[in-house]
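>
Protein chains in written order, with my numbering: chain A, 1 to 540; chain B, 1001 to 1658.
Right, here's the structure in full:
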């Protein structure tokens, strides 16, 4: 018998089958039991937010999220008016039923629960139970904490807490966890205010460093460049006499600054103080405000409505302040990111004058897309004039203004391109001389999941992390970093040698607040909205 | 008894003459009183008689005077007592001995020699000589601290020839109270009698004089004449023998327990310096901080009552700490600060840490000879060092039992926002170690867990030397009543856009005691199951009308704890406070208070619920950092609290053991 011969077609089919099979096996073996809400754990540890709510409190005033609600009624209640009355021999109270994957991070190692109990007769035997059933409705876990041998006096509210530790190896994400109130003794009893906390506190993000702790104790620790842990650099609160309110000037609503708005700072007004002014738009006006040493507070210098600048002051346009033409006056550069056109303004006799402009496309070719991180610095240009420095992935280039041609020209920098990885797409970069030693510094502000403000030193060839910024001297707990919506505006507001930070601190009532725009601000009693000024105080 | 019968008949015969009968009744009562008094061995002046002789005026402490309150008190002399205490010392009395005397009258017809022996016993910390239920010898009475002359080969001493002249003749002699008074082999190693291994107990001492005649002496058992001898491997307590046992009925022997007692108190001079023990520091010792009052010179070696204590640090204290250096007590550190720091640092920003102990002796402990106090401090730290360092002192001389009272101002634990600074203030007794010589009484039901650190599967052994009795004061909730334990803490979410997700509130039962710290009173009984009410979970114990709850995690847990919440400001915010561990043979009482006469009970245990240690222990006072995993339910986690930006001092003003 001769060996079968395969046609080309059949070999092709065989090959394709093998490929599909291999792909299927690969997918099967590498499949992670990741719920759509669960974060992916990468080599850098947990990166994304875990937004599953794992804390639940049921005051029984509503029945949302509860099962077994038949006995909830107006009665003696621990809070509100409603409670679950199990008098008259009733055995089962309310339940909370959730699939484990809906309740929290899988694997879920434990759950805590508590409920308040009001016995109407002696020796109540109420059990707070946790049951886990699998998809076949088989019980894979059961535990309960009973009031039986505890002191639960009649006609008094007493709390019972329970902690259930689960056999994680036996559980799967689709198992159902049920928290029950079981009136085992069938005595007359009322229950209220059930609390359930699923799982444990989330792990911190990231992965642990490989620092050897002995380096500290043997006093030989040397920080690695641009790697944590970083020293803390404190900015201290400066008094601006605004009563810690949201107004820069207590009596002027035009100075009710909002973190939704945009601001620029620079020495726009030529005077002997040489300190920066603040420029912003409000109620259709372009306002310039600045600090007055005499008044020990801010004042408005100008507020103009009729200006070519006003219509350009919109979010889609990028705005920069800097002395681009090196004439000693801070200019204002507005760039239309949609069509690439730009206009340069300066302030003369309280009017904004256009001193240069560029046509459509001149600053395109990717310079001004949303992923770029442009900032103004004089470090890389001739004659120390300000230029736009743009970080784009691992590239760093500058756009310098040519006074003669009145155009921006692209120049390369000698910056260490690996340092550009210090900046993410969500980084906000401000330059200044924050320590007051005349060096060019950057504060990098990232607002993704946490307040993250870093102070960096900028040199022609490198960016060096100096430390993590924190604040002190604030009243009560009003640390700017705690606020949900924080706007940071650097400027030499009070000292021409030192850049301070004007911080607009707000909390947001929006349930879908994305961190960038807030529709409705909320004043929280222990963290009231306000505007404050901070700068680094030199060590005395 | 005879006099009582006469009284009865006399009254009866005069029943119809009430006026005279009253007179006779009164006289009868007087006779009755005298009858009782004759047999009361504690009446000093009345002679005690037997056929052969009479004795009177036994004074065990001729050369030691009473104080203003009419008591005889002696304070231990701590000069050069590495080898053990002697009471009195040669600095306290000439020849370093107490003088005792009594008078004897020969009731026979011929001049005779008589024989006498003095015994002493610590009354404050003894087991009763008899069992309260059976009236028989208490099996633990041999554990009592009793003794006689230091040379136990001396049995009874012979008097000079006492003439039969119907006169009392004075007999004088001397004695001391020494460690290892029975010269037990247990405390003799390599031919050296280490009396310090069984130091005299503190408290009240009684004195017993036993006088006998030549033909009465052989009736006294050898184990009573020579107290270092055993019968059937047991000592015979002479107090039991002579006051309750067969010795009570010995003819031609008089036993007299003196009314006069001596109170012994230890009050080490805290300005007397701090000794540094090499063995507690690994490697080369840095002597740069040594000074006249802290170090290793011969004066300190001989005389310093205290040495620097180094906590044992085990691997479980390793943690990843937030990288903040702050002064929690002074810097207005708030719960908001705590919550933010707990949520928003990434793993690589944390500082790998293990609780530290001092590497530089004398740098954090100070003895002040002028103010007679000791200062301890947890040292401040800085970026790049990141240290949480525990600090403490330990006594150098061990005792068994005693009322240990410390007057101290240790660090406050809560700041004005009631945030905890991470420290545990501890005043505790620990075994002096040593192995066999310091073994506790056998645990007869399955034995003790063999080691402190072993888990549930550790073997059980009849005896161990480990013992510990603690005051630990820190921020943690009580375990009992267990309906409210553990507290239900909400989970936080690291989302800056929602402050309520990370700034979570503490449970109500924690907030309700926000300004309180917990005084945890613990006895490490090594899970001996012998006590009749050995229990697990929360169990009540009542003492003087007050109910406290003991807690043990499981049947193999080596410690029993009681917790009481107290105001941090009261204990550590005032000028000083008193903490007292009253360690007795069958119970332990923990007390605290503003003054010694205003103490209140915060903990109580007895031998029904826990095995009370009977070995020798040292006292430690520390301000230490704990891994909060040791204290389930603690609202603040050690790794989420900052490193200390300032030194954290504590001061110890007085230590009294009585």
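C-beta: ideal position from N, C-alpha, C; glycine also. Everything numeric in this text was worked out from a predicted model, so none of it was measured.
(1) So who's on the other strand from residue 1409 of chain B, going by DSSP bridges?
(2) Nearest by alpha-carbon distance to residue 946 of chain B: which of B/1228, B/1257, B/1052 is it?
(3) Compute the beta-carbon to beta-carbon distance between residue 458 of chain A and residue 379 of chain A, rounded to the nearest angstrom, for a pair I have assumed lies under 8 Å.
(4) From the DSSP output, in three-state form, read off residue 1074 of chain B for me.
(5) So is residue 15 of chain A buried or exposed if we call it buried at 16+ other beta carbons inside 10 Å?
(6) Measure the alpha-carbon distance for residue 1062 of chain B versus residue 1556 of chain B and round it to whole angstroms.
(7) Using beta carbons (cut-off 8 Å, strictly below), is residue 213 of chain A in contact with chain B?
(8) Report the start-end ranges of each beta strand (DSSP E) in the segment 1324 to 1387 of chain B that is 3 residues or longer and not cut off at the edges.
(9) Going by alpha carbons, who is nearest to residue 1428 of chain B out of B/1244, B/1135, B/1517, B/1523?
(10) Are residue 470 of chain A and residue 526 of chain A closer than 8 Å when you measure CB to CB?
(11) Give me the Cα-Cα distance between residue 1599 of chain B and residue 1578 of chain B, rounded to the nearest whole angstrom.
(12) Answer with buried or exposed for residue 168 of chain A, where buried requires no fewer than 16 other C-beta atoms within 10 angstroms of its C-beta.
(13) Just to make sure I have the definition right: I need the residues of chain B whose C-beta is within less than 9 Å of the C-beta of residue 449 of chain A. Which are they?
(14) Spell out the partners DSSP gives residue 1475 of chain B in its beta bridges.
(15) Quick check: the Cα distance between residue 1107 of chain B and residue 1054 of chain B, rounded to an integer number of angstroms?
(16) Excluding the 5 residues preceding and the 5 following residue 1632 of chain B in the sequence, name in chain order all residues of the same chain whose CB lies nearer than 7 Å to its CB.
(17) Along the segment 1363 to 1396 of chain B, what residues have a CB closer than 8 Å to any CB found in chain E?
(18) For residue 1448 of chain B and residue 1468 of chain B, what's the separation of their Cα atoms in angstroms?
(19) With DSSP as the reference, identify every bridge partner of residue 1533 of chain B, one or two as the case may be.
(20) Please go through the segment 398 to 443 of chain A and give each complete alpha helix (DSSP H) segment of 4 or more residues, from N-terminal end onward.
(21) Does residue 511 of chain A come out as helix, strand or coil in the three-state DSSP assignment?
(22) Are any of the Cβ atoms in chain A nearer than 8 Å to that of residue 1634 of chain B?
(23) I'd like to check one pair, residue 1625 of chain B with residue 1355 of chain B: are the Cβ atoms closer than 8 Å?
(24) Could you name the residues of the same chain whose beta carbon sits closer than 7 Å to that of residue 241 of chain A, not counting the 5 residues immediately before and after it, in chain order?
(25) Using DSSP bridges, identify the partner residues of residue 216 of chain A.
(26) How is the beta strand (DSSP E) around residue 470 of chain A delimited, first residue to last?
(27) Compare the C-alpha of residue 1244 of chain B against each of B/1201, B/1229, B/1136, B/1618 and name the closest.
(28) From the beta carbon of residue 469 of chain A, is the nearest beta carbon of chain B less than 8 Å away?
(29) With contact counted as at least three CB pairs below 8 Å, one residue from each stretch, are the segment 224 to 237 of chain A and the segment 1390 to 1406 of chain B in contact?
(30) Can you find a C-beta in chain B that's less than 8 Å from the C-beta of residue 303 of chain A?
(31) When the cut-off is 8 Å and only beta carbons count, does residue 1668 of chain B lie next to chain A?
(32) Mind listing, in chain order, the continuous beta strand (DSSP E) runs of no fewer than 3 residues lying wholly within the segment 1211 to 1269 of chain B?
(33) Smallest Cα separation from residue 442 of chain A: which of A/531, A/258, A/467, A/514?
(34) So, is residue 1528 of chain B buried or exposed, given that buried needs 16 or more other C-beta atoms within 10 angstroms?
(35) So with CB distances below 9 Å, who are the chain B contacts of residue 507 of chain A?
(36) According to DSSP, is residue 34 of chain A part of a helix, a strand, or is it coil?
Considering the structure as presented:
(1) For the purposes of this step, residue 1409 of chain B is taken as the residue at position 409 of the second chain. Bridge partners of residue 1409 of chain B: B/1651.
(2) Nothing can be reported for residue 946 of chain B: it is not among the residues displayed for chain B, which extend from 1001 to 1658.
(3) Locating residue 458 of chain A in the first chain gives position 458, where the first residue counts as 1. Locating residue 379 of chain A in the first chain gives position 379, where the first residue counts as 1. Going by Cβ atoms, the distance from residue 458 of chain A to residue 379 of chain A rounds to 6 Å, so yes, they are a contact pair.
(4) Here residue 1074 of chain B is taken as the residue at index 74 of the second chain, counted from 1. The answer is strand: DSSP assigns residue 1074 of chain B an E or B state.
(5) Here residue 15 of chain A is taken as the residue at index 15 of the first chain, counted from 1. Residue 15 of chain A comes out exposed.
(6) Against the second chain, residue 1062 of chain B aligns to sequence position 62. Against the second chain, residue 1556 of chain B aligns to sequence position 556. Approximately 53 Å, taken between the alpha carbons.
(7) Locating residue 213 of chain A in the first chain gives position 213, where the first residue counts as 1. By this cut-off, residue 213 of chain A is an interface position.
(8) 1351 to 1353, 1365 to 1368, 1373 to 1378
(9) Locating residue 1428 of chain B in the second chain gives position 428, where the first residue counts as 1. Comparing Cα-Cα distances from residue 1428 of chain B to each of B/1244, B/1135, B/1517, B/1523, the minimum goes to B/1523.
(10) Taking the first residue of the first chain as 1, we reach residue 470 of chain A at position 470. Taking the first residue of the first chain as 1, we reach residue 526 of chain A at position 526. No, they are not a contact pair.
(11) Position 599 of the second chain, counted from the first residue, corresponds to residue 1599 of chain B. Position 578 of the second chain, counted from the first residue, corresponds to residue 1578 of chain B. Between residue 1599 of chain B and residue 1578 of chain B, the C-alpha separation is close to 8 Å.
(12) Translated into the one-based positions of the first chain, residue 168 of chain A becomes position 168. So residue 168 of chain A counts as exposed.
(13) Taking the first residue of the first chain as position 1, residue 449 of chain A is located at position 449. Near residue 449 of chain A (Cβ distances below 9 Å), the residues of chain B are 1344, 1494, 1495, 1496, 1497.
(14) To locate residue 1475 of chain B, count along the second chain from 1; it is residue 475. Residue 1475 of chain B is not bridged to any residue.
(15) Residue mapping note: residue 1107 of chain B aligns to position 107 of the second chain, counting from 1. Residue mapping note: residue 1054 of chain B aligns to position 54 of the second chain, counting from 1. When rounded, the distance between both Cα atoms is 7 Å.
(16) Taking the first residue of the second chain as position 1, residue 1632 of chain B is located at position 632. Excluding sequence neighbours, residue 1632 of chain B sits near 1486.
(17) Although the question refers to chain E, the structure presented lacks it and instead comprises the protein chains A and B.
(18) For the purposes of this step, residue 1448 of chain B is identified with residue 448 of the second chain, where counting begins at 1. For the purposes of this step, residue 1468 of chain B is identified with residue 468 of the second chain, where counting begins at 1. C-alpha separation (whole angstroms): 14 Å.
(19) Here residue 1533 of chain B corresponds to residue number 533 of the second chain, with the count starting at 1. BP columns for residue 1533 of chain B are empty, so no partner.
(20) none
(21) For the purposes of this step, residue 511 of chain A is taken as the residue at position 511 of the first chain. Residue 511 of chain A falls in the coil class under three-state DSSP.
(22) Reading the second chain from its first residue, position 634 is the one you call residue 1634 of chain B. It does not; no Cβ of chain A falls within 8 Å.
(23) What you label residue 1355 of chain B is simply residue 355 of the second chain in a count that begins at 1. What you label residue 1625 of chain B is simply residue 625 of the second chain in a count that begins at 1. For residue 1355 of chain B and residue 1625 of chain B, yes; Cβs fall inside 8 Å.
(24) On the first chain, position 241 is the one that residue 241 of chain A refers to. Here the set comprises 296, 297.
(25) As a working mapping, residue 216 of chain A is identified with position 216 in the first chain. DSSP, once it has assigned bridges, lists no residue as partnering residue 216 of chain A.
(26) Walking along the first chain from the start, residue 470 of chain A turns up at place 470. 463 to 472 is the span of the beta strand (DSSP E), which, as asked, contains residue 470 of chain A.
(27) The residue labelled residue 1244 of chain B in the question sits at position 244 within the second chain. Answer by Cα proximity: B/1136.
(28) Numbered from its first residue, the first chain carries residue 469 of chain A at position 469. Not an interface residue.
(29) no
(30) As a position in the first chain, residue 303 of chain A is number 303, starting the count at 1. Closer than 8 Å: no.
(31) An answer regarding residue 1668 of chain B cannot be provided, because it is not within the stretch 1001 to 1658 covered by chain B.
(32) 1253 to 1257, 1262 to 1265
(33) Translated into positions along the first chain, residue 442 of chain A becomes position 442. It is A/467 whose Cα lies nearest to the Cα of residue 442 of chain A.
(34) As a position in the second chain, residue 1528 of chain B is number 528, starting the count at 1. Classification of residue 1528 of chain B: buried, given that the 10 Å Cβ count is 16 or more.
(35) Mapped onto the first chain, residue 507 of chain A falls at position 507. Near residue 507 of chain A (Cβ distances below 9 Å), the residues of chain B are 1499.
(36) Stepping through the first chain from its first residue, residue 34 of chain A is reached at position 34. Bear in mind that the predicted position of residue 34 of chain A carries a pLDDT of just 32, short of 50, making it unreliable; the figure below should be weighed with that in mind. If DSSP states are grouped into helix, strand and coil, residue 34 of chain A belongs with coil.
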